[in-house]
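Visitor:
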Amino acid sequence: MNRGPCARRRSPLTTSPYVLLFIYILVIVPNFAVCPSDEKLFGVALSEDIESISDHCNITPDAPLRPMIAHPTKGINEIMRRFRGSQFACELKYGGKRGHV
């Protein structure tokens, strides 16, 4: 049976978990680097076509690109132990502070 281009798409909630993971890796993760807003990304993914996420989620001046991968610390003692006497600098960033070795 040929359903054609106007065939109704399956809801993401009834799609196989493997397909959802594939969509997440290929569509959501790259777009999250440009638009780090879960609310906006998943809002578009659930209300629009999944392929249109990159049309709706764009770079905005108030949001940093590509979130950093870091280990959160519990205090200054942990930072000093981790750097073990190395020189480092701190600077402000959108979500807190960041250290450079």
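Read in order, the letters of the sequence shown correspond to residues 15 to 115 in my numbering.
Positions of the beta carbon are idealized from the N, C-alpha and C atoms, including for glycine.
1. Are the segment 67-76 and the segment 42-53 touching by the rule of at least three beta carbon pairs closer than 8 Å?
2. If you drop the 5 nearest sequence neighbours on each side, which residues of the same chain put their C-beta closer than 8 Å to that of S66?
3. DSSP three-state label for Y35, please.
4. What are the complete alpha helix (DSSP H) segments, minimum 4 residues, inside the segment 48-90?
5. Between the Cα of L79 and those of L60, S61, F46, G89, spot the shortest distance and give me the residue it belongs to.
6. Rounded to whole angstroms, what's the CA-CA distance from I42 to S61? Just pull it up for me.
7. Run the CB neighbour count on L40, radius 10 Å, all protein chains shown included, and call it buried at 16 or more, exposed below.
8. With DSSP as the reference, label R98 as helix, strand or coil.
Guide: To lay it out plainly:
1. yes
2. V58
3. Per the sequence shown, residue 35 should be read as Leu rather than Tyr. Reduced to three states, the DSSP call for L35 is helix.
4. 52-61, 67-70
5. F46
6. 14 Å
7. exposed
8. coil
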